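Asker: Chains as they are written, first to last, in this note's numbering: chain V, 26 to 162; chain L, 26 to 162.
Here's a structure for you.
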DNA sequence: CGGCATCCGTAGCCATCGCTACAATTCACA
DNA sequence: TGTGAATTGTAGCGATGGCTACGGATGCCG
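So, in structure tokens, the structure goes:
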């Protein structure tokens, strides 16, 4: 119990920063997916993708541009920076592993798709590695 | 890809409401744990537990009282309502299953403890059932 | 090339969860 | 009992992410 006090700042990392990072991962992954599927990514594409208003997307896109994850200009399409593309690749890979893993342990596909969206942001490299090992066995 | 548009409101349930619910689960679980360990739960106990200021705890406790999950009075200890205790029991059980499951697939205990904190809130009943099946096999 | 539909930005509201600074209450102990 | 330390509440700030309402930009098509 004592050592909890030191570790809780890590265990309960449900902080603003962590949450903002989840959003960043979701957004770069979505941008990559949308560009891959349709050639370009607009604010409205993201609004439809996440089922939020274009205003919310617009503000988040602006923030992520400030974090050097994506690039856009007013009334123009959105593209990823090198850093954003890297994050998107990692997020996509991790997402697929988590999804496949859930299916592998017997979760139905639809449930696995929903749960993996929430779970993926909390899977550390070590847990991801364990899931990978499980999948290749 | 088409059907994504309908499902995204479910898939990306990273909404205010969902996030607030995660907080509620963490808090009732913590209150139950603290009362179980020390007999009573005070604002400062929760502040230490989550490594946040007492102000943050105080505001959240007030909100959760409004949601009928816990009961307190100014400068008094915090206890759970029937509904809060029920949520705490479920959260604790789910937490333990996720933790045991991560360890079972080969994640070290410390990493499993960290990851399970984040993951547990996104594990549906079906996924939880799959984890339980895995553990009893 | 003008006008209208669509897309996007801005203004401004709310809720949640962080914080510091300060005020109020409680409680133990002198 | 009174007083000081510990605890808790309040005021007020910032960041993030929801929203509606409205205005400006773009671009297509007659």
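Even for Gly, the Cβ is constructed at its ideal location relative to N, Cα and C.
Predicted model, so just to flag it, every value in this text is computed and none were measured.
Provide the residue(s) that pair with residue 103 of chain L in DSSP beta bridges, ordered along the chain.
Answerer: Residue 103 of chain L is bridged to L/66.
Asker: Give a yes or no on whether the minimum CB-CB distance between residue 149 of chain V and chain L is below 7 Å.
Answerer: Closer than 7 Å to some Cβ of chain L, the Cβ of residue 149 of chain V qualifies, so yes.
Asker: So, do the stretch 95 to 107 of chain L and the stretch 54 to 70 of chain L have three or more beta carbon pairs nearer to each other than 8 Å?
Answerer: Contact holds: three or more Cβ-Cβ distances are below 8 Å.
Asker: For residue 96 of chain V, which residues does DSSP report across the bridge?
Answerer: Answer is V/104.
Asker: Taking 6 Å as the cut-off, is the CB of residue 154 of chain V close to at least one heavy atom of the ligand GDP?
Answerer: Among the components of this structure there are no ligands whatsoever, and the ligand GDP is therefore not found.
Asker: Short of 9 Å Cβ to Cβ, which residues in the stretch 73 to 107 of chain L face chain V?
Answerer: Listed in sequence order: 73, 74, 75, 76, 77.
Asker: Assign residue 141 of chain V to one of three DSSP states: helix, strand, or coil.
Answerer: Here residue 141 of chain V sits in helix by DSSP.
Asker: Which term fits residue 148 of chain V, buried or exposed, when burial requires 16 or more other beta carbons within 10 angstroms of its beta carbon?
Answerer: The residue in question, residue 148 of chain V, is buried, as its Cβ has 16 or more Cβ neighbours within 10 Å.
Asker: Please report how far the alpha carbon of residue 37 of chain V lies from the alpha carbon of residue 83 of chain L, in whole angstroms.
Answerer: When rounded, the distance between both Cα atoms is 17 Å.
Asker: Using only alpha-carbon positions, find the residue among V/152, V/89, V/79, V/72 that is nearest to residue 23 of chain L.
Answerer: This structure gives no information on residue 23 of chain L, because the portion of chain L shown stretches from 26 to 162.
Asker: Can the beta-carbon of residue 54 of chain V be found less than 7 Å from the beta-carbon of residue 113 of chain V?
Answerer: Yes, Cβ-Cβ distance for residue 54 of chain V and residue 113 of chain V is below 7 Å.
Asker: When we look at the beta-carbon of residue 143 of chain L and count the other beta-carbons within 10 Å, is it buried (16 or more) or exposed?
Answerer: The residue in question, residue 143 of chain L, is buried, as its Cβ has 16 or more Cβ neighbours within 10 Å.
Asker: Could you say which of L/94, L/157, L/95, L/51 lies nearest to residue 127 of chain L if we only look at CA atoms?
Answerer: Of the listed residues, the one whose Cα sits closest to residue 127 of chain L is L/157.
Asker: Between which residues of its own chain and residue 125 of chain L is the CB-CB distance below 7 Å, once the five residues before and five after are set aside?
Answerer: Excluding residues within five positions, the ones whose Cβ falls inside 7 Å are 160.
Asker: Rounded to a whole number of angstroms, what is the C-alpha to C-alpha distance between residue 141 of chain V and residue 154 of chain L?
Answerer: Taking the straight line from one Cα to the other gives about 15 Å.
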